[in-house]
Structures are given as C-alpha cells and as structure tokens.
Amino acid sequence: MASSSEQQKQPTPFPHGAFLPNGHQTDPALPPGHPTIGYKLNHFMLRIRDPAISIPFYVDLMGMRTVFTMNVGPFTIYYLGYPQTDEHRADLAKFGADTAGNLQHTLGLLELYHVHGSEKQPAGYYSTGNEPGHLGFGHLGFTVPNVPKALQRLKEAGVEVVKDLGVCTRQSIPISDWENERRVGVEVKGTDSEIHPEYAKVFNKIAFVKDPDGYIVELVPQNMDPLDP
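The sequence shown begins at 1 in the numbering used here and counts up one residue at a time.
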C-alpha cells in the first residue's frame with residue numbers, strides 16, 4: 001500500500017483506465033434555487049484569419065448553417081449552428097430567425113470572429129493553442145453519424161488529417177515532444193502512465209483534422225458507448 005506521501009505525489013486521484021461518471025462524486029449538490037441554475041454553455045468563439053476560407057469549411061464540409069452575421073466595425077462575427085428539424089433544414093431563413101430569436105437558450109453554437117485586415121496576414125497568424133510554447137486550447141469536438149464517411153469526405157476535399165481512424169500511437173496522442181522534454185505527460189510502458197487499452201478502444205474510433213486556421217476538429221461517432229467502446 002502506498003504511503004500518504006507517495007499518494008500526494010500522484011498526478012491524479014483517479015484509477016488508471018476507469019471511466020467514472022461524475023468522477024469521485026465529490027461535486028457539491030445543486031439544490032433548487034442555487035444561483036447557477038439555468039446557466040448554459042452556449043457558444044465557443046474562434047478567431048479566423050480569412051472568412052472566405054474558414055466559413056466554407058464549417059458550412060460546406062461540416063454542415064453548419066449561419067444563424068446571423070454582424071459587421072461590428074473593426075470586426076465581423078459569424079454565428080453558426082446546426083438546424084435540428086426538417087422545417088429548419090428546408091427553410092434556412094426561418095432557421096436563422098428562429099435561432100437568433102432564441103439565441104441565449106441555444107446550445108452548441110460556434111462564433112467565428114474575423115478582425116478586418118487579418119485576411120492580409122500570412123497563414124498561421126493566429127495561435128491555435130496546439131503549438132509548443134503556446135499550448136492551451138485543444139480541439140472542437142463534433143459527433144457525427146458515420147466517422148469513416150465524414151473523414152473520407154474531408155480527405156477528398158483536401159483537409160489535413162491529424163489522426164486517422166484506427167491509430168493510437170504515442171505520436172497520435174495530443175501530447176507534444178516539447179511537453180515530454182519537460183517531463184510532462186511522459187508515457188512509460190508497463191506503468192500507470194501508459195495509454196490504457198480501454199481508452200485506446202475509444203481513441204481508435206475517433207479522428208482529428210485541421211480547419212483552415214489550423215484549429216483541430218475532432219470527429220466522434222454518435223453510436224459509441226463510452227462504457228463499452
């Protein structure tokens with residue numbers, strides 16, 4: 001049994017490879033009347049260099065549709081979302097109007113933020129959060145009905161694939177050599193730092209691609225059970 005000092009040195013309190021809904025169940029309760037009742041994760045904003053390049057990726061290739069746009073002066077914002085009904089898919093003007101009218105209560109929106117003039121800057125002008133020395137943001141996750149078909153379609157459109165299906169190697173895991181050089185995220189075979197086989201089952205079924213600005217987009221199968229991948 002590990003000593004208390006050894007336990008304190010562990011980087012995580014969770015057992016290796018265990019999928020734990022609600023973690024260790026240490027979250028505080030949410031009683032009626034709690035001040036955060038009604039909060040929603042509504043949208044995510046990405047800076048884009050050139051909307052003429054970025055918008056087609058999310059609209060034509062990823063199937064999102066425009067909720068609204070607004071030229072604010074020094075920048076333009078583009079709000080995108082997914083029509084959820086046959087009516088909205090058949091009438092995109094109604095989709096935009098209805099969704100904009102209920103904007104604060106809609107989930108899963110993407111805000112693309114174009115600062116005027118950035119389109120004249122070279123590719124790579126914005127950090128994606130995945131460059132060594134500037135790590136932070138990781139990826140946007142999209143669930144799709146059929147990952148192989150979605151990935152093939154993106155490949156045919158010339159989209160860069162970061163991680164293909166069926167791949168789960170040290171190089172494909174989003175931990176950089178830059179981190180390993182600093183003794184961060186080092187994997188040692190045969191120890192609890194090794195990629196767990198249960199996670200590998202999941203990771204083999206997802207793919208990662210890059211959008212035109214280099215942000216990583218994850219494709220996750222909608223029919224996958226994380227408890228039994």
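All C-beta atoms in this analysis are idealised placements derived from N, C-alpha and C, irrespective of residue type, glycine included.
Bear in mind that the values here come from a model prediction, so they are computed numbers and not experimental data.
Helix, strand or coil at residue i [DSSP, three-state]
| i | result |
| --- | --- |
| Glu111 | strand |
| Val188 | coil |
| Glu198 | helix |
| Val147 | helix |
| Phe19 | coil |
| Thr206 | For clarity, residue 206 is Ile in the given sequence; the question names Thr instead. Ile206: coil per DSSP, three-state reduction. |
| Ala2 | Because Ala2 sits at a pLDDT of 46, beneath the cut-off of 50, its placement in the model cannot be relied upon, and the point is left open. |
| Asp228 | coil |
| Pro56 | helix |
| Pro221 | strand |
| Gln230 | Absent from the structure is residue 230, since the part of the chain shown begins at 1 and ends at 229. |
| His88 | helix |
Proximity of residue i and residue j at Cβ, strictly below 9 Å
| i | j | result |
| --- | --- | --- |
| Gly185 | Ile175 | yes |
| Leu80 | Leu41 | no |
| Ala231 | Glu119 | Absent from the structure is residue 231, since the part of the chain shown begins at 1 and ends at 229. |
| Phe68 | Pro83 | no |
| His114 | Ile77 | yes |
| Ile216 | Gly138 | yes |
| Asp50 | Pro226 | no |
| Leu92 | Val159 | no |
| Val144 | Pro21 | no |
| Arg170 | Glu181 | no |
| Ile37 | Ile48 | no |
Distance between beta carbons of residue j and residue i, contact taken as under 8 Å
| i | j | result |
| --- | --- | --- |
| Leu219 | Leu109 | Not quite, the Cβ-Cβ distance comes to about 19 Å (not below 8 Å), so this is no contact. |
| His16 | His196 | 6 Å |
| Val162 | Val209 | 6 Å |
For residue i, the residue or residues it bridges with in DSSP
| i | result |
| --- | --- |
| Pro35 | None, per the DSSP bridge assignment. |
| His43 | Leu109 |
| Thr66 | Leu80 |
| Asn71 | Thr76 |
| Ile216 | His139 and Lys210 |
Inset, instruction - Enumerate, from N- to C-terminal direction, the unbroken alpha helix (DSSP H) stretches of 4 or more residues contained entirely within the segment 119-187. - result: 147-156 and 177-180
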